[in-house]
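S.K.: Take a look at the following structure, please.
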Amino acid sequence: MTLTATRFDWVRQLVHRESAIVLAPGKEYLVEARLLPLARKMGLSDVDQFVDTVRSRPRPDDTRSIVEALTTNETSWFRDGDPFTALTSTVLPALQAARGPAERLQIWSAACSSGQEPYTIAMLLEDAMPSAASRVSITATDISREMVERTRAGRFSQLEVNRGLPAPMLVRHLQRAGSEWEVAPNLRRMVTARECNLAAPLPRMGPFDVVYLRNVLIYFDLPTKQAILRRVRELMRPDGWLFLGAAETTLGVDDSWSRVVLGRTSAYRPLKGA
1 MTLTATRFDW
11 VRQLVHRESA
21 IVLAPGKEYL
31 VEARLLPLAR
41 KMGLSDVDQF
51 VDTVRSRPRP
61 DDTRSIVEAL
71 TTNETSWFRD
81 GDPFTALTST
91 VLPALQAARG
101 PAERLQIWSA
111 ACSSGQEPYT
121 IAMLLEDAMP
131 SAASRVSITA
141 TDISREMVER
151 TRAGRFSQLE
161 VNRGLPAPML
171 VRHLQRAGSE
181 WEVAPNLRRM
191 VTARECNLAA
201 PLPRMGPFDV
211 VYLRNVLIYF
221 DLPTKQAILR
231 RVRELMRPDG
241 WLFLGAAETT
251 LGVDDSWSRV
261 VLGRTSAYRP
271 LKGA
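Once you know that position 163 of the sequence shown is 163 in the UniProt record's numbering, the rest is easy, because the numbers rise by one and skip nothing.
Written as structure tokens, this is what we have:
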């Protein structure tokens with residue numbers, strides 16, 4: 001490993017300033033591995049040279065490249081499946097009962113990575129609740145421009161579709177596109193992908209009936225978690241539902257939510273007057 005402590009600290013501060021992601025000591029190897037391809041793209045032999053070059057000639061594109069390289073894009077289809085089961089078994093029926101028959105429902109897949117989560121939701125609605133699917137719109141956001149573009153394209157490699165996507169759903173909702181698989185046009189029309197930095201003021205969106213903010217808060221410090229939950233709540237309907245990752249909770253972070261057990265998972269709802 002060639003990355004010095006001083007250069008690691010510079011990268012750590014840059015990433016925290018731009019995205020609020022916390023790179024704790026011990027992540028030097030991760031930074032080295034993620035930034036080495038960027039160094040080689042510049043014709044440099046190691047990450048130390050890359051960091052020195054970026055520091056001496058700062059450019060917005062290089063800053064974006066560093067942040068995107070150090071953003072975790074781990075995802076799969078139907079990841080931790082219970083939050084998806086709860087959507088069709090409990091959450092959407094409750095929302096449908098509370099809304100008028102013609103009112104559209106809005107779902108937000110935050111930090112959507114390459115798009116498996118929003119398209120999982122779209123496929124699930126099309127199969128389990130086709131009458132509801134026609135009046136549901138899904139907003140998919142990510143800090144990474146590359147991930148947003150991939151989500152818009154709705155194309156996935158064979159390796160990616162093998163990660164959690166049942167074979168019947170694969171053949172029903174995706175079609176071959178050369179060596180890749182492409183999501184059917186009707187599902188792509190349900191999903192709108194856009195860039196969004198959760199740690200910065202959020203764009204005008206929503207109001208959302210359901211928000212999937214899963215496996216995201218674990219990367220932030222407490223003040224940032226609190227700020228994100230506050231911003232998310234401001235974009236939700238008063239009777240909306242928030243899904244977090246299995247290892248995440250609002251308890252001890254933001255007391256403006258109530259936890260609701262939904263079978264083998266749970267969701268959070270804004271407290272009235274909060």
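For glycine and all other residues, C-beta sits at the position ideal for the given N, C-alpha and C.
Look at Gly240 and Val211 and say whether their C-beta atoms are less than 8 angstroms apart.
M.R.: In the sequence shown, counting from the first residue as 1, residue 240 sits at position 240. In the sequence shown, counting from the first residue as 1, residue 211 sits at position 211. Against a cut-off of 8 angstroms, the Cβ pair of Val211 and Gly240 comes out as a contact.
S.K.: Who are the Cβ neighbours of Ser157 in its own chain at under 7 angstroms, not counting the five residues just before and after it?
M.R.: Indexing the sequence shown from 1 puts residue 157 at position 157. So the list reads Glu180, once near-sequence residues are dropped.
S.K.: Hey, Arg34 and Ala69 are a contact pair by Cβ (cut 8 angstroms); roughly how many whole angstroms apart?
M.R.: Along the sequence shown, one-based indexing puts residue 34 at 34. Along the sequence shown, one-based indexing puts residue 69 at 69. That belief holds up - the Cβ atoms of Arg34 and Ala69 are roughly 4 angstroms apart, short of 8 angstroms.
S.K.: By the three-class DSSP mapping on this structure, what secondary structure does Phe156 have?
M.R.: On the sequence shown, position 156 is the one that residue 156 refers to. Correct three-state label for Phe156: strand.
S.K.: Would you report the Cα separation of Thr85 and Gln49, rounded to the nearest angstrom?
M.R.: Position 85 of the sequence shown holds residue 85. Position 49 of the sequence shown holds residue 49. In a straight line, the C-alpha of Thr85 is about 49 angstroms away from that of Gln49.
S.K.: To which residues of the same chain is Thr224 closer than 6 angstroms at the C-beta, ignoring the five residues directly before and after it?
M.R.: For this step, residue 224 is matched to residue 224 along the sequence shown. So the list reads Ala20, Ala199, once near-sequence residues are dropped.
S.K.: Within 8 angstroms, do at least three Cβ pairs link the segment 147 to 164 to the segment 52 to 67?
M.R.: As far as the Cβ criterion goes, the segment 52 to 67 does not touch the segment 147 to 164, which means the pair count is below three.
S.K.: Among residues of its own chain, excluding the 5 on either side of Pro270, which ones have a beta-carbon nearer than 7 angstroms to its beta-carbon?
M.R.: The residue labelled residue 270 in the question sits at position 270 within the sequence shown. Only Arg233, Met236, Pro238, Gly240, Ser256, Trp257 meet the Cβ criterion.
S.K.: Got a sec, what are the start and stop residues for the alpha helix (DSSP H) Thr141 sits in?
M.R.: Within the sequence shown, the letter at position 141 stands for residue 141. Premise fails: Thr141 lies in the beta strand (DSSP E), 136 to 142, not in any alpha helix (DSSP H).
S.K.: So, with DSSP's three-state summary, where would you put Glu68?
M.R.: Taking the sequence shown and counting its residues from 1, the one referred to as residue 68 is at position 68. In this structure, Glu68 counts as helix in the three-state DSSP scheme.
S.K.: My parser needs the beta strand (DSSP E) runs of 3 or more residues fully inside the segment 47 to 129; what are they?
M.R.: Counting only runs of 3 or more, we get 105 to 109.
S.K.: Report all residues from its chain with a CB closer than 7 angstroms to the CB of Val51; omit the five preceding and five following residues, and keep chain order.
M.R.: Against the sequence shown, residue 51 aligns to sequence position 51. Same-chain partners within the cutoff: Arg7, Trp10, Val11.
S.K.: Indicate the three-state DSSP secondary structure (helix, strand or coil) for Ala227 in the structure shown.
M.R.: Walking along the sequence shown from the start, residue 227 turns up at place 227. Helix.
S.K.: In whole angstroms, what separates the C-alpha of Asp61 from that of Val54?
M.R.: Taking the first residue of the sequence shown as 1, we reach residue 61 at position 61. Taking the first residue of the sequence shown as 1, we reach residue 54 at position 54. Cα to Cα, Asp61 sits roughly 10 angstroms from Val54.
S.K.: In the DSSP assignment, what residue or residues form a beta bridge with Trp10?
M.R.: Sequence index remark: in the sequence shown, residue 10 carries index 10 (1-based). Per DSSP, none; premise fails for Trp10.
S.K.: Quick one: is Met42 buried, meaning 16 or more other Cβ sit within 10 Å of its Cβ, or exposed?
M.R.: As a working note, residue 42 is residue 42 in the sequence shown. Result: exposed.
S.K.: Leaving out five residues on either side along the sequence, give the residues of the same chain with a beta carbon under 7 angstroms from the beta carbon of Leu3.
M.R.: Residue numbering aside, residue 3 sits at position 3 when the sequence shown is read from its first letter. Result list for Leu3: Glu28, Val31, Glu32, Val47, Asp48, in chain order.
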